[in-house]
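Here's the structure we're looking at; comments come further down.
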Amino acid sequence: MKHDHKHDENCTHCACDNPLFKKYAPEIFNSKFKKDFTELIKRNSNPEPSNLNKRPIIYYTNGQSAIYTMQNGELNQKEAMGVYDGKIVALGILQDVVSAVRGNYGEFERIGLSNGETIIPGFVEPHVHIVSSFFIDDWKSLSGIEDQKLVPEYNIEYLQKNIRIPDKLEDWILAKEVDPALMYGSKDGDKDGHLITLDLNTLDSINKEKPLVFLSSSAHTFYANTIASIRVYESYRNNPDFKKTFNLTENCTEEGFLTVTNGQFQEADEMIWVYKTIPEEQRITEKTKDVIHKVNEYLTKFFNKASSHGFTYMNDASFSKDQLKILSPFLEEKNIMKVSGAMTVENLKDATDLKGYTPYIDTSNNVRISAAKLVYDGSNQGLTGYQEKPYCEKANATFKTGLYNFINPPETEDKEGNKPDYIEMARKLVEKEWPLMIHANGDAAVANTLKVMSGVLDKKNFKTGPINRIEHCSIMPEDTEKYFTIMKNYNIQPSFLIGHVGYWGYVFKEAIFGNDKANNLDLCKSMIDKKIPISLHSDYPVTPLGALRMMEQAITRVMEGDPKVKVDIENNWTCEKLDEYRLNGDEKICPEEALAAVTYNAARQCGAEEWVGTLTLDKSADFVILKENPINMNETTAFMKMRNIEVLETWVNGTKVYPK
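In the working numbering, the protein residues as written are 1 to 660.
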């Protein structure tokens with residue numbers, strides 16, 4: 001009996017494609033759902049928000065406060081700003097703004113910023129997953145990150161203490177966002193210097209009395225203890241499709257199944273059997289009562305949270321028609337956020353079926369399509385990012401150089417029999433003028449992706465066309481100058497999951513890559529020095545929402561997982577000897593560059609510069625008021641401080657959306 005996990009075009013253990021959402025969304029979010037959901041939203045909507053400014057407002061500074069427009073990616077500080085009817089109507093010195101507003105609109109409200117208060121464009125999140133987390137929203141979070149900080153002692157004991165034991169005897173223990181890589185560096189967070197593996201023995205040590213299922217932080221793996229795994233086997237052991245999925249023989253026993261799976265169920269084909277075994281009352285299906293109300297509550301909670309962090313624009317990195325059915329009616333009625341999405345393209349058929357790309361011109365539309373999204377490899381912390389050389393021995397990687405989804409260039413023949421042609425997929429999309437947004441984490445993935453993009457973009461002469469992105473772009477290949485040149489020549493820009501540096505930097509350096517390769521992670525400063533603009537993203541739910549936190553991690557590059565740093569953070573960090581704990585400190589960027597990466601650059605990478613990213617005349621009044629000025633912080637003083645700057649207000653289209 002052999003368990004051959006077949007790695008198809010989605011088998012990469014990353015957050016860019018949620019298997020559960022993909023499996024169940026078509027059944028739940030059908031035409032009836034859209035009709036009922038739209039009616040619900042309209043019934044509950046306020047036709048005229050009470051917090052829409054009724055008359056012009058002039059904001060002005062006092063010498064100790066600031067207004068940064070971020071025009072052309074620079075601070076471009078102004079003394080005053082006039083806002084009316086959802087637009088920015090005046091900018092400049094206070095006298096000129098007063099004259100313009102009074103002359104054009106009559107009387108106005110005047111608001112002076114207090115010392116330290118700062119107005120900036122609303123934050124832009126260029127890579128997030130909005131709807132796909134809905135299915136496990138009420139599962140207990142066991143993330144190693146809490147309130148944007150690492151949990152001090154994140155280990156097996158932490159999971160054991162924090163699981164939620166259900167009241168009903170028949171209910172299962174369910175939890176999400178579990179990440180063994182974040183345990184490294186905690187007390188008992190590794191096994192003789194090696195990464196911990198969540199197998200049956202480990203899971204049973206957490207709880208063996210009730211069925212237990214954990215969802216990994218990537219959402220591509222279910223971990224199930226012995227009793228849960230047995231329930232799965234007993235429910236489907238006679239099902240031919242079940243046997244085929246796990247390559248089980250006719251006489252396979254319960255013990256044999258446990259040996260084959262060892263508590264780990266990977267990707268949709270395997271995960272779905274676990275999900276279907278969970279009691280129906282504990283999961284979302286087409287039979288779930290009040291699903292439209294649950295979706296409404298989930299989206300309201302999500303966008304309220306995003307607004308509290310100052311976001312006014314978000315780009316979903318794995319968009320689909322099913323998500324459009326949800327977000328379009330919601331955001332049409334609720335003026336809380338502007339959203340775009342990259343349409344997921346998994347194979348040649350998807351690329352062929354997509355119609356030609358049409359840029360959106362109507363800036364009043366709160367939902368739009370931004371790009372075509374391809375996922376080339378997995379995640380480095382999940383040990384599935386595609387590498388030139390094997391992962392370190394301490395990583396205990398099952399796949400020594402990771403995984404990849406497409407035929408590697410320049411090959412055109414699929415030797416494995418299940419991978420689409422990378423070059424042909426990209427070429428078809430470029431011919432239809434789709435901006436490309438390609439997920440690549442490992443150094444081999446980045447190298448191959450740049451080879452493909454430069455080849456197809458050259459044929460279409462996209463050098464001055466739309467911005468094409470590499471998502472994460474985590475580990476640059478050793479010949480960095482060669483690949484920097486390709487990126488600059490073909491208008492290819494990186495969007496960095498900067499939490500890789502702050503949250504996983506230590507484990508990358510100590511156990512996954514080693515020091516030299518880890519130093520090639522998220523080369524922010526090198527990109528900027530080569531005139532290649534960067535953006536920063538959270539890849540939520542992989543890391544928490546928080547533009548100020550992302551700025552801080554790019555400015556400081558401190559490895560927060562280092563045990564010494566963890567202890568000092570708990571003891572009110574004094575910022576002494578900070579340089580010792582930076583991951584390649586030469587790649588630090590300044591606050592102005594970091595602010596551009598979460599406003600102007602991020603907006604341009606989403607093709608949304610007409611909507612958001614700067615504060616300029618006649619543009620939507622999408623802005624944030626901060627209690628403190630992040631520009632006044634530096635590589636030392638920003639650490640564990642910038643992420644905690646209070647967002648006082650968030651405005652979208654001239655409407656205050658936070659606080660309500």
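Ideal placement from N, C-alpha and C gives every residue a C-beta, glycine not left out.
Indicate whether residue i and residue j have their beta-carbon atoms separated by less than 8 Å.
i	j	result
Ile532	Lys488	yes
Pro126	Asn366	no
Tyr184	Asp192	no
Gly122	Asp622	yes
Ser318	Thr344	yes
Glu646	Lys627	yes
Asp673	Tyr357	A question about residue 673 goes unanswered here, because the residues of the chain that appear run from 1 up to 660.
Gln282	Leu174	yes
Glu592	Ile625	no
Leu578	Phe639	yes
Pro435	Ile486	no
Ile111	Pro544	no
Pro56	Phe108	yes
Ala511	Val124	no
So which of the options has the shortest CA-CA distance to residue i?
i	options	result
Val101	Leu617, Lys627 and Met642	Leu617
Asp529	Leu578, Phe496, Asp586 and Glu552	Asp586
Thr480	Ser229, Pro659, Cys524 and Glu510	Cys524
Asn634	Ala554, Val647 and Cys606	Ala554
Leu182	Gly499, Gly613, Gln387 and Phe257	Gly499
Glu209	Pro494, Ile534, Asp171 and Val178	Asp171
Thr401	Thr69, Tyr391 and Glu560	Tyr391
Asp138	Lys294, Ser217, Gln71 and Ile119	Lys294
Tyr483	Ile28, Arg643 and Asp443	Asp443
Trp273	Glu255, Lys517, Thr300 and Ala228	Ala228
Val558	Thr259, Val501, Glu79 and Cys473	Val501
Ile67	Ile93, Ala219 and Ser45	Ile93
Glu117	Tyr60, Ile369, Leu545 and Gln71	Tyr60
Gln323	Asn584, Ile57, Thr636 and His129	His129
Asn653	Gln64, Val89, Lys22 and Leu20	Val89
Along the chain, where does the alpha helix (DSSP H) that runs through residue i open and close?
i	result
Ala594	Pro591 to Ala597
Met337	No alpha helix (DSSP H) holds Met337; DSSP gives it neither H nor E.
Arg469	Taken as a continuous stretch (DSSP letters only), Arg469 belongs to no alpha helix (DSSP H), being part of the beta strand (DSSP E) at Asn468 to His472.
Gln553	Ala547 to Thr556
With H, G and I counted as helix, E and B as strand and the rest as coil, what does DSSP make of residue i?
i	result
Gln71	helix
Asp190	coil
Pro563	helix
Gln64	coil
Lys6	With a pLDDT of 43 at Lys6, under the threshold of 50, the modelled position of that residue is not reliable, and the figure given next carries that caveat. Here Lys6 sits in coil by DSSP.
Ala638	coil
Val652	strand
His129	coil
His309	coil
Ile41	helix
Gly112	strand
Glu533	The question names Glu, yet the displayed sequence has Pro at residue 533. Three-state result, Pro533: coil.
Leu374	strand
Thr118	strand
Ala100	helix
Thr288	coil
Thr344	strand
Ser318	strand
Ile278	coil
Val456	helix
Arg582	strand
Phe33	helix
Leu299	helix
Tyr59	strand
Arg283	coil
Met1	At Met1, the pLDDT of 39 sits below 50, so the modelled position is not reliable; the number obtained from the coordinates is stated separately. Note: Met1 maps to coil in three-state DSSP.
Mind checking which residues open and close the beta strand (DSSP E) that includes residue i?
i	result
Lys525	Here Lys525 belongs to no beta strand (DSSP E); instead the alpha helix (DSSP H) covers Cys524 to Asp529.
Tyr84	Ala80 to Tyr84
Gly92	Lys87 to Gly92
Taking 7 Å as the line, does the beta carbon of residue i fall inside it for any heavy atom of the ligand ADP?
i	result
Ser229	Here there are no bound small molecules, and the ligand ADP is not part of this structure.
> Counting only runs that start and end within the stretch 379-451, where is the beta strand (DSSP E) found for 3 or more residues in a row?
Replying inline: Along the length of the stretch 379-451, whole beta strand (DSSP E) runs at least 3 residues long occupy 436-440, reported in chain order.
>> To test your reading of the DSSP string, which unbroken alpha helix (DSSP H) runs of 4 or more residues are found completely within the stretch 183-270?
In response: 200-206, 226-236, 240-245 and 254-261
> Could you give the uninterrupted runs of the beta strand (DSSP E) lying entirely in the stretch 469-516, keeping only those of 3 residues or more?
Replying inline: 492-497
> Quick one: complete alpha helix (DSSP H) runs, 4+ long, within the stretch 139-183?
Replying inline: 156-162
> Could you give the uninterrupted runs of the alpha helix (DSSP H) lying entirely in the stretch 592-632, keeping only those of 4 residues or more?
Replying inline: 600-605
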